[in-house]
Every structure is written in C-alpha cells, then in structure tokens.
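Heads up: the structure comes next, in structure tokens.
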DNA sequence: ACAACAATTTAAAGCGCTTTGGAGATTTGC
DNA sequence: GCAAATCTCCAAAGCGCTTTAAATTGTTGT
C-alpha cells in the first residue's frame, strides 16, 4: 500500500492525504480523521526511502564502530550503551544505523556516511586524546556527538562524558583515607581519553598528599578479565606489593578478584579494590550489597542522554554544541577496608 | 556532489555516468575509466536514499532487539554477534539497522520494517520455543533468518544454530565419565529455545545411564553473574549437594566460581564446572590454559555466518531457506576433575 | 559510397513521497 | 449581493538515482 493507492482509495489527492497524515493545518479535521482511519486500517506506512529523499532527512543516526584487532569498542559496555541510545531513538522516530569497519577504514566510513546521506547525524565512540575523527567530522559538517571527550581538540563540539577525573580522584582519596599508600591503577588503554583522565584523577589525589605515583603500579591495557587477573598476579610478586587496586572496569575487576582469592587472600580485608562500574545489565555489582566498592555511572543512561543530545542538535541546526558531564556515584561495597598493617 | 553535477562536469549524460559507475557493459572502457577517476577525485557517492528508491533495494538489514525488562537480548553476546554480522555486512555493502523496541511493540516493529521498506531483510534474535515472530515474518514475506531455532514452528525458514543438544549431552557425558552423579544444570530462561535444547541434551545423557534427573538440580534464569552465584549458594545447602555444575554462560560461570571459592572449596577438585563459552572477545576463557572446561562456539563467527546466509537469501529470492548447524567444541580446562568420594 | 549492423550515448519516465503555487468552494463584511 | 478573505483541496514539480526506449556515432562489407 503506497500513498497513491491510499489516496485513490480515499478519493483524495496525494497532497491532501500526505498533509492529513503529517498534521498540516490545511486539511479539515473531518477528512483528517477519515484519512487516518483508513490508513490505519490498511496499515499504511510511508516508504522511508521516498520520504527521506523528498524531505532530505534520513531519520536515522549512524554509529561507526571500529573493528580493531583489539576489539576496543566491541566491549561489554557497547550493548548497554546501544540499548540506551536505541530507546531514545525509537521514541523520537529515528533508526539506528551501525557501521562496523576495520580500524584503518574509519575516516572513509565517515566520509561515506556524509556523502551517501543515509544518516542525519553520527555518534562517535571511544575518543582518543587527540582524535582525528573529531576534526574530520567538524570539517564534514554532519551533526555529531561524542561519547566521551578528546583532550587535545580545538573548536567546540557536542559531547557527553562521565567526570572520570573526579571519580577516580574521589576513589583514590577513599583508599588513601583507609590508609592505603600503594595503590595500583589498573587502567584502560592510555590512548583512550577516558583512561588519561582517570589517571590524572588518581595522580591528583596522590599528589595532594605528597605521595609520588609509583610507575610500577600503573597499568594500562584492554580491560578483559584476564588482564585484571594477570596484573594482580604480577604486582603481588613485587617487593612491596600494592594493598589496593583501582580498576577501570568491572570485567577486569572480576579478574582482580579471582587472582586475589586464588592467592588465598580476602578482598576487603587483605587487599582493597575499587572498580569503575558501568552498571551493566548482566553484570550487576552484586545483588543487595554491592560486591565491589565502585564509582558507578550507568552507561545505558549515558547512551540514552547522548542520543537525545544529538537529536536536539540535528533538529536545531545552528544551535551551539551541547555538552553534558555526568558525575559518577561512589558506592561502598565489601571490597574495601583499612590498609593492613604490614610489619 | 550529486550525479547531475558529476555528469555535467564530465560532459556526459547521467545515464552514462550511472552505467559507468555500476559496471554496465554498454559504456566504453575509456569513458568508464574517465568517469571513475573523476568520481573518485570528487569523492562522489550515490545518495543512498535515491538509489534505494530507484532500485527497490535498501542495502540494509534490520535487527529488531527486544528491550524487555529482563534485557534478555541486551546481553554480553550481543556485541560479539553484531561484530561478526557487521563484518559480513560491510564487505557485502550492506548497512545494519538496529531497532530497539519494547517487548510488547515487537510485532508492530516487524510490520513497520516491512511497510517502511527500509531494510531488505531481518535477523531474528533469541527465538523462543514457539515464536510468534517467525510465523509473522513468514506471512509478511520479508526475507529473514533466525539466530537459533524454534522447536514448534511449522514451515521452513532460514536459521543458524549451535547444536545445543549435542553440546550439552557431550558435556554431561564428560561429567558422568568423571564419576559425577549429581549434576546441577544452571540454564538460561526456559522459554528460550536454546535453553530447552540444552536441557534435553543434559537429560538425554542422564537417561542413557539410567539416572533420573533431580528437579532440585534444574535451574533456569537470566544468565547473570549473580544468578550463577546464588544458584551455587542455594544448592550447596541441599542435603545432597551437587558435585558438578553445567552452566549455560560464562558470565554465570564466573558467579559459580565465586560462590565455590567463597565457600572455601576448589573448583576442579571439590566441585567440577563446565560452562558454555561463546568465546567473547573480552571474556576469554583464560589465556593459555582455559579456566573452565567448556563447550565453545564463537558467537562472533555465528554472527558473521548468519549475515552471509541472510544476504544470500536476499540476493536469491525464491531459493529454498538455508540452515546451518554449528557444532560446539569441548575444551578441557582446569574446572573439572573426578567426583570426590563422599563418605 | 552506402546500407546494415554494432557500439555508444542520451532523453525521459519512474521509484513514492513532500511541497509549491494555485484553483474552487465557502464564509465574511458591508 | 458582491468583493475579499478564508477554507479545502489539487496538479505538478522535484528529491537523486536507475533503466527503458530511442537516437547518434562508428564500423564493416560490398
């Protein structure tokens, strides 16, 4: 059923039917009702492609996901982020277009999306510190919003980020207050902007108490379970092993816990752990009592907010870029306790 | 840059330029070269919407993801599946359109996709045993392929599935061979078809040795870490606690391990565990030596294969439905050992 | 040199929708 | 009662591409 068929069926012109369905005032309420009803009856939906061509709006938003060898983006948070974004999209009537591309094809992917005009805007994931993609998109002129920020980028752009610095500063302070002095940072890859900011927060807290960060306690890597496990194994062999771990992801934190327990130690007593918790739907931080003390910030919520932010950007062209900074919440669980008195 | 501009630039008609770019034989090799070069120079890409309208092919494939309250689909495997599918799509030139909808809006979502004509085919996720969506899509007539199968559906359709029954039968056999008799099944939600098949495999193995399955050892639920943890806690309080756990997901298996270790027991010695392992990129089953004995089947690979299967379905209409059954591989790790001799 | 044929190229229609510029019909003001 | 204003509605153009049908050019055999 297309517009033509529907309009002959109704004995009206395509113009009138189109207007009736799209809520234009030039059509009488009576005919609008009639049109609506018959359209509904026949389950009419305007052909997206034709509509997009005619209006110049694709009603779709693109996500370019790099398929790097390290799968940096295809990580656990992806699903939840997409779920949040998808929620916002579908209530606003937008489709979500995913484009998974090899790392090296990324800039071409953005150019393509812009030239092919199959999306009205783009969400940029996992920004690095100076991210060429941002400058690229600024040039291309397609609306976009970044999940995260880039530290070294000139010119304004829309973004939504967690306050990583303050979250990790706060978490480090919490551990310091408990008497810990050797705190191991199990961070994400340093090229990622969020990881840089987290380290900065960690270092700021140490420096505020005149503690020099020990490079032997700084780790950066892809946040897998095995990475957390290995890091603990390795650091516990040090002459002065850390008494606390500050971990960038709950997945890695599971590995951290495994290593701790395998060593016959007890988390929260012998060794303290704080993790960042993206509040993933399938990896909740315990049920009633949180397992880990954590800096929590729902990535699903972030997805939902960022999508709305981008949509508003698209629908108000010319408006200045929008930004939103979410604060993580420190939830105290059973993984932290006073630093043990070493002899 | 659109076709019109490009063709006046070249001093050719739109027809010729279009044909040159799309590889039709009616254009001389010399002009084709020239067209290609200039198009490349100006970074020309045909407008997707116009092309889709003209050809009737959207060059996009839809995934409808139910956003149920339980987030059954928004689970860890989602990211990897999508990564695999996306790979296949992008090499074949297709876009991926995700539509996240509330559970109750699902059938409308399928109807909409069909009527709006913005996708050429649909991937159906997480089928239930009798899944109304399959019959719906059969009626609608849009090409589709199912990730998994439905047991109680008449009429053929395309699907790709892991041989869940044989995998779990094999795993159960393995445990039985080790002397375990009380094996607890920590399964996914029973409404899901895969969970049903896994239970069937488990029961078949028991019955083959004349062991009656104990209902107190059968669990079904959403496969979170906490679910695995709770199930072990609960079952270890039984008069005759199980000596082995057969788990449907590595996430739940992490919870199982946590409970075992928290109880002061050793996995692989006191209690054996086998898990199904979807070979997730960020949750590898250990590094060199697998942590868990597992029935492994890469969900990313499944995504990639299913996408290809659907594309071939789309490009050869009229061909009979395609199906593919993947066998899971049993990898022996350190989580299994002989059943302890209880007194 | 000219018909016959093949090789290139083009004009124009069409995909299904929105939207501009009017046209009829109806109401209003005096 | 009639011009002006207001409601409704419509024909047709246009979005950027593909594709059909036809025109143009080039090649060949005699």
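Protein chains in written order, with my numbering: chain A, 285 to 627; chain B, 285 to 627. Ideal placement from N, C-alpha and C gives every residue a C-beta, glycine not left out.
Buried versus exposed, by CB contacts within 10 Å (16 or more), residue i
| i | result |
| --- | --- |
| residue 392 of chain B | exposed |
| residue 407 of chain A | buried |
| residue 627 of chain A | Only weak support exists for where residue 627 of chain A lies, its pLDDT of 45 falling under 50; the coordinates are left without a value. |
| residue 308 of chain B | exposed |
| residue 440 of chain A | exposed |
| residue 436 of chain B | exposed |
| residue 415 of chain B | buried |
| residue 593 of chain A | buried |
| residue 476 of chain A | buried |
| residue 299 of chain B | exposed |
| residue 397 of chain B | buried |
| residue 379 of chain A | buried |
| residue 597 of chain A | buried |
| residue 522 of chain A | exposed |
| residue 590 of chain A | buried |
| residue 399 of chain B | buried |
| residue 604 of chain B | exposed |
| residue 625 of chain A | exposed |
| residue 375 of chain B | exposed |
| residue 304 of chain A | buried |
| residue 445 of chain A | buried |
| residue 377 of chain A | exposed |
Residue i - partner residues in DSSP beta bridges
| i | result |
| --- | --- |
| residue 469 of chain A | A:502 and A:530 |
| residue 344 of chain A | A:379 |
| residue 607 of chain B | B:443 |
| residue 615 of chain B | B:578 |
| residue 412 of chain B | B:476 |
| residue 558 of chain B | B:530 and B:577 |
| residue 551 of chain B | B:555 |
| residue 384 of chain A | A:349 |
Presumed contact (8 Å Cβ cut-off) between residue i and residue j, rounded CB distance
| i | j | result |
| --- | --- | --- |
| residue 306 of chain A | residue 363 of chain B | Not a contact, Cβ separation roughly 37 Å. |
| residue 516 of chain B | residue 544 of chain B | 6 Å |
| residue 464 of chain A | residue 623 of chain A | 4 Å |
| residue 287 of chain A | residue 297 of chain A | That belief does not hold up - the Cβ atoms of residue 287 of chain A and residue 297 of chain A are roughly 10 Å apart, past 8 Å. |
| residue 472 of chain A | residue 500 of chain A | With a Cβ gap of about 19 Å, residue 472 of chain A and residue 500 of chain A do not count as contacting. |
| residue 511 of chain B | residue 539 of chain B | 6 Å |
| residue 337 of chain A | residue 334 of chain B | 5 Å |
| residue 341 of chain B | residue 404 of chain B | 6 Å |
| residue 348 of chain B | residue 385 of chain B | 6 Å |
| residue 293 of chain B | residue 311 of chain B | So it is not a contact: roughly 17 Å between Cβ atoms. |
Reference residue i, options the options, closest by Cα
| i | options | result |
| --- | --- | --- |
| residue 566 of chain A | B:405, B:561 and B:506 | B:506 |
| residue 366 of chain A | A:342, A:609, A:586 and A:595 | A:586 |
| residue 520 of chain A | A:594, A:498 and A:468 | A:468 |
| residue 618 of chain B | B:552, B:478, B:399 and B:431 | B:552 |
| residue 531 of chain A | A:562, A:405 and A:377 | A:562 |
| residue 490 of chain B | B:512, B:510, B:458 and B:508 | B:458 |
| residue 533 of chain B | B:461, B:344, B:479 and B:502 | B:479 |
| residue 527 of chain A | A:311, A:456, A:294 and A:379 | A:456 |
| residue 350 of chain A | A:537, A:321, A:389 and A:369 | A:389 |
| residue 560 of chain A | A:523, A:454 and A:314 | A:454 |
| residue 570 of chain B | B:599, B:595, B:615 and B:609 | B:615 |
| residue 602 of chain A | A:428, A:542, A:492 and A:541 | A:428 |
| residue 285 of chain A | A:316, A:295, A:326 and A:318 | A:326 |
Unbroken alpha helix (DSSP H) run spanning residue i, endpoints
| i | result |
| --- | --- |
| residue 367 of chain B | 360-376 |
| residue 428 of chain A | First-last for residue 428 of chain A: 428-431, but that is the beta strand (DSSP E), not the alpha helix (DSSP H). |
| residue 580 of chain A | Careful: residue 580 of chain A lies outside any alpha helix (DSSP H), inside the beta strand (DSSP E) at 577-580. |
| residue 301 of chain A | 298-306 |
| residue 514 of chain B | 509-519 |
| residue 448 of chain B | 448-461 |
| residue 425 of chain A | Segment: none, residue 425 of chain A is in no alpha helix (DSSP H) and carries neither H nor E. |
| residue 588 of chain A | 583-599 |
| residue 620 of chain A | That residue, residue 620 of chain A, is in no alpha helix (DSSP H); it is neither H nor E in DSSP. |
| residue 324 of chain B | 313-325 |
| residue 282 of chain B | Residue 282 of chain B lies beyond the residue range present for chain B, which begins at 285 and ends at 627; the question has no answer from this structure. |
Span of the beta strand (DSSP E), counted from its first residue to its last, around residue i
| i | result |
| --- | --- |
| residue 396 of chain A | Per DSSP, residue 396 of chain A belongs to no beta strand (DSSP E); it is in the alpha helix (DSSP H), 390-400. |
| residue 291 of chain B | Unbroken run through residue 291 of chain B is the alpha helix (DSSP H), 287-294; no beta strand (DSSP E). |
| residue 406 of chain A | 405-408 |
Proximity test, residue i beta-carbon vs the ligand FMN heavy atom, cut-off 7 Å
| i | result |
| --- | --- |
| residue 329 of chain B | In terms of ligand content, the structure shown is empty, and the ligand FMN therefore cannot be addressed. |
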